[in-house]
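Working notes for the structure below.
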Amino acid sequence: MDDQTCPKCKTTKYRNPAMVLMVNACGHALCESCVELLFAKGSGACPECKIPLRRNNFRVQLFEDSAVDKEVDIRKRILKEFNKRQEDFPTLREYNDYLEEVETIIFNLVFDVDTTNTNKIIDNYKRENKDITQRNKNRQSQEEMELEELLEAEKTQQQEKANLYVNAELEEKKQKHKAREKLIDELMFSDADAKSIVASHVQATAAIAKEQPKLAAASGGAAVVKSSKFSSGIQIGLRGTQNSFLPIPKQEELPLYSYTATVFDYNGPTPPAIETLGRLNYFANIRAANTAERAGGYTEALSCCRALQEAMGGLFYCPQSSHKNFSTAVTDLAGEVDDMETT
Amino acid sequence: MLELKHALDAKGHCLLEMPSGTGKTTTLLSLIVAYMKAYPLELTKLVYCSRTVPEIEKVMEELRKLMNYYEKEMGMEQNIVGLALSSRKNLCIHPSISKEREGKVVDGRCYGLTASFVRARHQGDDSVPVCNFYEGFDAHGKEFPLPPGVYNLDDLKEFGQAKGWCPYFLARHTLIHANIVVYSYHYLLDPKIAEVVSKEISKTSVVVFDEAHNIDNVCIDSMSVKITKRILDKCSNSIQILETTISNMKENDNKRLRREYERLVEGLRDANLARETDMALVNPVLPSEILEEAVPGSIRNAEHFVAFLKRVVEYVKTRLRVQHVVQESPAGFLRDIHTKVCIDRKPLRFTAERLASLIRTLEISDLTDFSPLVTVSHFATLVSTYTKGFTIIIEPFEDRAPTVSNPILYFSCLDSSIAIKPIFNRFQTVVITSGTLSPLDMYPKILDFHPVIMSSFTMTLARPCILPMIVSKGNDQVAMSSRYESREDTAVIRNYGNLLVEVAAAVPDGIVCFFTSYLYLETVVSSWYDQGIIDQLQRHKLLFIETQDAAETSLALVNYIKACDNGRGAVLLSVARGKVSEGIDFDHHLGRAVLMFGIPYVYTQSRILRARLEYLRDNFQIRENDFLTFDAMRHAAQCLGRCMRGKTDYGIMILGDKRFSRADKRSKLPKWIQEHLKDSLCNLSTEECVQVAKRWLRQMAQPFSREDQLGVSLLTLEQLQSEEMQKKIQQRAQAVELTW
């Protein structure tokens with residue numbers, strides 16, 4: 001809509017938000033001020049097609065496409081005369097043919113095709129169907145009546161519903177208020193135990209709450225009936241067996257799982273632990289890891305440790321000796337190796 | 001299975017809630033296939049509707065396993081054709097078209113190569129391109145039925161490649177005689193697509209809607225139309241194209257227009273014939289009355305019809321030029337369009353059909369540009385057909401940006417039963433199932449049907465593997481709630497943050513958090529940043545956030561999974577109703593805890609929602625609050641269910657809102673969650689919650705083997721046949737009988 005421009009003075013909607021475009025019978029647009037300027041005398045020619053126009057025929061342009069404005073204008077005029085209904089025709093086919101004829105007439109007028117002939121046809125029609133036109137003018141078509149009825153029904157329904165809900169709400173509030181006052185009164189004046197009074201009050205409110213939906217349904221009339229059963233007689237909602245929960249599986253408090261470190265059997269002297277490598281001066285002859293390698297998580301200790309493990313692993317392995325003897329030998333030797341290294 | 005069998009016997013509809021990971025799909029498939037084998041005359045076809053392509057693939061996998069089992073046990077080939085169907089985008093094997101990304105473009109280009117007139121032109125002139133695969137299918141594929149077996153999308157493509165047939169059209173052709181069809185909801189529910197694809201599915205079919213907790217929204221979406229300014233501008237362009245094509249054709253080939261015109265004079269009678277013989281599904285967009293009549297004279301001629309369309313579009317344009325919100329009924333709209341541009345109701349009703357006919361006649365091969373015009377024509381047809389159950393809302397701007405003019409016309413369906421009614425009427429059994437359908441009695445009301453069976457199942461578990469907790473206050477005793485009045489409160493936001501930090505410190509691997517909306521997510525995260533909570537959180541786990549952008553979200557998801565897989569652990573912040581909450585499973589270590597920050601109510605100020613609530617209240621006696629709570633709780637349950645995908649899985653579910661502990665909300669959770677939600681787990685504070693979680697996690701982390709499950713949640717054949725178990729089953733069966 002912002003790109004509307006007056007063809008005469010080139011004002012746009014953007015520059016002058018108050019600009020209003022007007023159209024006349026020819027379908028060409030002009031802005032309001034141009035119309036005032038050009039048609040000061042009350043009549044003049046259209047600046048684009050030079051057709052003589054009268055000023056009071058100018059209307060505000062309704063549609064973005066001014067051609068549509070023109071068409072709708074012509075259509076309204078034609079349909080005033082051509083207002084036959086389906087009831088006026090013996091068959092649907094003839095009615096449809098008639099509709100198409102009307103459409104053709106409008107089409108011709110809009111695009112200025114064969115205007116003289118068309119005008120003749122219109123005049124003919126006017127003469128022939130004077131009384132039908134006159135009669136239909138005062139009669140609403142069936143379709144229109146249907147629509148009117150629908151709208152009317154919608155309106156009344158809306159009003160009724162609104163009233164109903166407002167009333168229901170008010171009623172509910174009132175009742176709550178009453179119940180509370182009653183409770184306070186009872187607590188003040190009755191000699192009974194306060195607890196029992198409160199308990200009975202809770203019961204009473206619950207009972208009222210249960211009744212409430214019924215009341216609402218009753219006041220709603222025939223249309224508002226809350227169905228709790230299907231036509232087959234089956235209740236809406238979960239059935240008896242379905243409401244019972246399964247018992248939650250209980251888990252006994254078992255002793256918790258605990259982690260025990262796995263024992264490695266190197267079949268050789270125990271290599272020094274990875275943390276002690278630096279202290280034992282193992283790194284002296286190894287290339288230190290550079291910064292890039294360190295960033296990736298690599299340290300020289302890793303490769304050193306692995307090399308040591310590989311070197312010592314399997315040293316005592318002898319296939320002949322039994323496994324039991326062997327393992328004791330390993331522990332003995334391992335102690336010796338440790339001693340050696342520390343000294 | 002018992003319930004399902006009852007429903008099949010009764011030829012009625014049923015509604016089943018089964019927790020995810022308990023073999024829902026297998027149960028449905030195996031019983032229905034067995035039923036088909038036992039009573040081949042009474043039950044001829046299974047139509048299995050799922051939501052997304054991965055879900056369809058999963059169903060096909062289950063079906064394949066079932067068929068292999070049959071083969072192994074019976075020792076012979078099974079005479080059953082199982083078939084997955086998806087859009088052209090997923091099935092096309094044409095070398096260049098299949099490279100296209102957008103579904104619409106693929107459809108349009110495919111139409112451009114396979115439309116009957118293009119192929120007719122090709123016969124005269126070899127330079128006109130056609131699709132070789134379609135030609136191959138048309139020449140040979142129609143005579144030979146697909147050999148029995150299970151075909152997923154890739155199998156179809158392979159088969160198509162091998163034979164040189166188009167897999168998409170092959171699948172559509174096979175649809176009619178296949179025994180098992182698996183496809184997306186839209187092929188049945190969307191009237192525009194159902195008309196083309198699912199029209200000829202026989203009456204004696206079983207229709208299964210899986211993951212159907214959102215089915216009412218799908219129904220509504222399929223009948224609603226949204227028209228923006230841009231759509232209307234594009235419409236004007238397409239109308240111009242139509243105009244020029246018509247005038248060209250008038251000069252060159254007047255005969256064809258003439259022929260169409262004569263056909264229209266006769267009426268849409270052949271369509272009517274098909275409906276009379278009860279061959280086709282009733283299409284709600286094309287009501288029966290239309291078929292009995294000829295196209296009205298005023299839009300019979302092509303030029304007149306284009307002028308008519310122009311008027312409709314221009315009229316809608318003027319309607320969009322509003323300064324304030326307008327809401328009116330279809331009747332009011334019809335009256336207004338009659339007085340403003342002299343358009344009657346009757347021709348409007350024919351708009352969609354007439355436009356389709358015109359496009360066919362004009363032999364326009366590129367349909368992609370015309371989709372806006374088609375949208376408007378659907379709108380015109382719908383608005384004139386239905387006077388009840390719909391509303392028109394015109395908003396000049398969005399609520400969030402009231403200064404930016406962006407007028408939108410919503411033609412919104414209020415009644416979800418309109419779209420699904422033909423399906424309930426036509427098919428003998430419709431099964432609606434999901435992991436989270438609670439409260440069950442709402443669905444028959446809003447979909448307006450009478451189920452013969454409605455039940456909610458729980459899981460038999462060997463250990464308490466879900467831990468739902470309602471955390472209602474922080475350590476400082478300030479109530480946690482996403483209530484509108486308190487959601488901006490820094491104390492509430494800080495408490496949510498502390499809850500998350502403490503949970504993140506205690507729970508291993510992945511944690512998923514759900515917020516009520518993107519807006520809330522953003523405000524909370526920004527204030528967490530200020531409060532230093534984000535820093536604390538990142539000490540324990542990596543942080544990922546779902547955004548509205550699909551690509552960004554999937555990237556975040558990939559990295560989240562990576563972080564969980566390598567043991568670093570991660571937190572994913574996402575939004576209920578978002579992509580993550582709907583389609584993505586966080587099984588095992590990917591989701592050890594789910595946190596729900598607030599109750600995911602819909603945006604209640606939306607006018608479409610208001611109108612729908614009013615309609616539900618007036619016509620179905622559903623109170624506004626009931627529906628809102630129902631909707632919020634089903635989404636909450638959906639989010640919570642994400643972390644629990646099987647019997648060996650375990651997960652914590654934390655509901656972080658005071659209001660969850662109220663009876664009306666609690667009772668709307670699915671039964672399998674509710675039964676673990678003991679009173680002692682409601683109304684906890686952050687500290688208590690972490691205490692409980694720590695203890696529980698220690699128990700769950702104990703080694704859990706198959707032997708532990710045997711006899712409780714997993715039965716061997718001997719155990720199943722043991723006397724004790726048989727007695728139990730008998731008892732249960734009798735209990736069900738009695739309540740009938």
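The listed protein sequences correspond, in order, to chains B and E. The first sequence begins at 1 in the UniProt record's numbering and counts up one residue at a time. The second sequence begins at 1 in the UniProt record's numbering and counts up one residue at a time. C-beta atoms are modelled at their ideal positions from N, C-alpha and C, and glycine is treated no differently. All values reported here derive from a predicted model rather than from experimental measurement.
Taking a beta-carbon distance threshold of 7 Å, residue 180 of chain B does not count as an interface residue toward chain E. Identification of residues in the segment 342-362 of chain E having a C-beta nearer than 9 Å to some C-beta of chain B yields 342, 344, 345, 346, 347, given in sequence order.
By a beta-carbon distance limit of 8 Å, residue 106 of chain E does not contact residue 119 of chain E. Their separation comes to about 18 Å. Residue 106 of chain E sits in a helix when the DSSP states are folded into three classes. Taking a C-beta cut-off of 7 Å against chain B, none of the residues of the segment 537-549 of chain E qualify. For residue 490 of chain E, the enclosing alpha helix (DSSP H) starts and ends at 490-506.
Looking only at E/432, E/520, E/509, the smallest Cα-Cα distance to residue 483 of chain E is reached by E/520. Neighbourhood of residue 618 of chain E in chain B, by CB distance below 8 Å: 157, 161, in chain order.
Bounds of any alpha helix (DSSP H) do not take in residue 515 of chain E; it lies within the beta strand (DSSP E) bounded by 510-515.
Under the three-state reduction of DSSP output, residue 26 of chain E falls in the helix class. Close partners of residue 665 of chain E in chain B (Cβ separation under 9 Å) are lacking, with about 17 Å as the shortest Cβ gap. If you check each beta-carbon in the segment 40-71 of chain B against every beta-carbon of chain E, the ones closer than 9 Å belong to 62, 63, 64, 65, 67, 68, 69, 71. Straight through space, the alpha carbons of residue 178 of chain E and residue 160 of chain E are spaced by roughly 17 Å. Ranked by Cα distance from residue 628 of chain E, the first of E/605, E/645, E/650, E/565 is E/605. Residue 39 of chain B and residue 32 of chain B have their C-alpha atoms some 10 Å from each other.
Under the 7 Å criterion on CB atoms, residue 294 of chain E is classed as interfacial with respect to chain B. Distances from the alpha-carbon of residue 490 of chain E to those of E/190, E/525, E/506 put E/525 closest. Judged by their CB atoms, residue 416 of chain E and residue 216 of chain E are nearer to each other than the 7 Å cut-off. Among the CB atoms of chain E, one or more fall inside 7 Å of the CB of residue 257 of chain B.
The C-beta of residue 21 of chain B comes no closer than 7 Å to any C-beta of chain E. Leaving aside the five residues that flank residue 18 of chain B on each side, none in its chain has a CB nearer than 8 Å to its CB.
Look at residue 304 of chain E: its C-beta is under 7 Å from a C-beta on chain B. Chain-order list of chain B residues neighbouring residue 21 of chain E: empty, with the shortest C-beta distance near 16 Å, by a criterion of under 7 Å. Residue 13 of chain E sits close to residue 451 of chain E, with the two beta carbons spaced by under 7 Å. With fewer than 16 neighbouring CB atoms inside 10 Å of its own CB, residue 263 of chain B falls in the exposed class. Counting only Cβ-Cβ distances below 8 Å, residue 314 of chain E has contacts in chain B at 63, 64, 65, 68, in chain order. In the three-state DSSP reduction, residue 277 of chain B falls in the coil class, being neither helix nor strand. Along the segment 76-96 of chain B, going in chain order, the ones with a CB nearer than 8 Å to a CB of chain E are 76, 79, 92, 93, 95, 96.
For the 7 Å CB-CB criterion, residue 544 of chain E and residue 639 of chain E do not form a contact. The CB of residue 98 of chain B comes closer than 8 Å to the CB of 297 in chain E, given here in chain order.
Boundaries cannot be given for residue 645 of chain E, as no alpha helix (DSSP H) includes it and DSSP labels it neither H nor E. A Cβ-Cβ distance of about 42 Å is found for the pair residue 384 of chain E and residue 670 of chain E, leaving them out of contact under the 8 Å criterion.
For a Cβ distance threshold of 9 Å, residue set 65, 67, 68, 71 of chain B lies close to residue 310 of chain E, ordered along the chain. Among the bridge pairs identified by DSSP, residue 31 of chain B is matched with B/21. If you ignore the 5 residues before and after residue 611 of chain E, its C-beta comes within less than 8 Å of the C-beta of 327, 391, 393, 412, 414, all in its own chain and listed in chain order.
For residue 235 of chain E, the three-state secondary structure derived from DSSP is helix.
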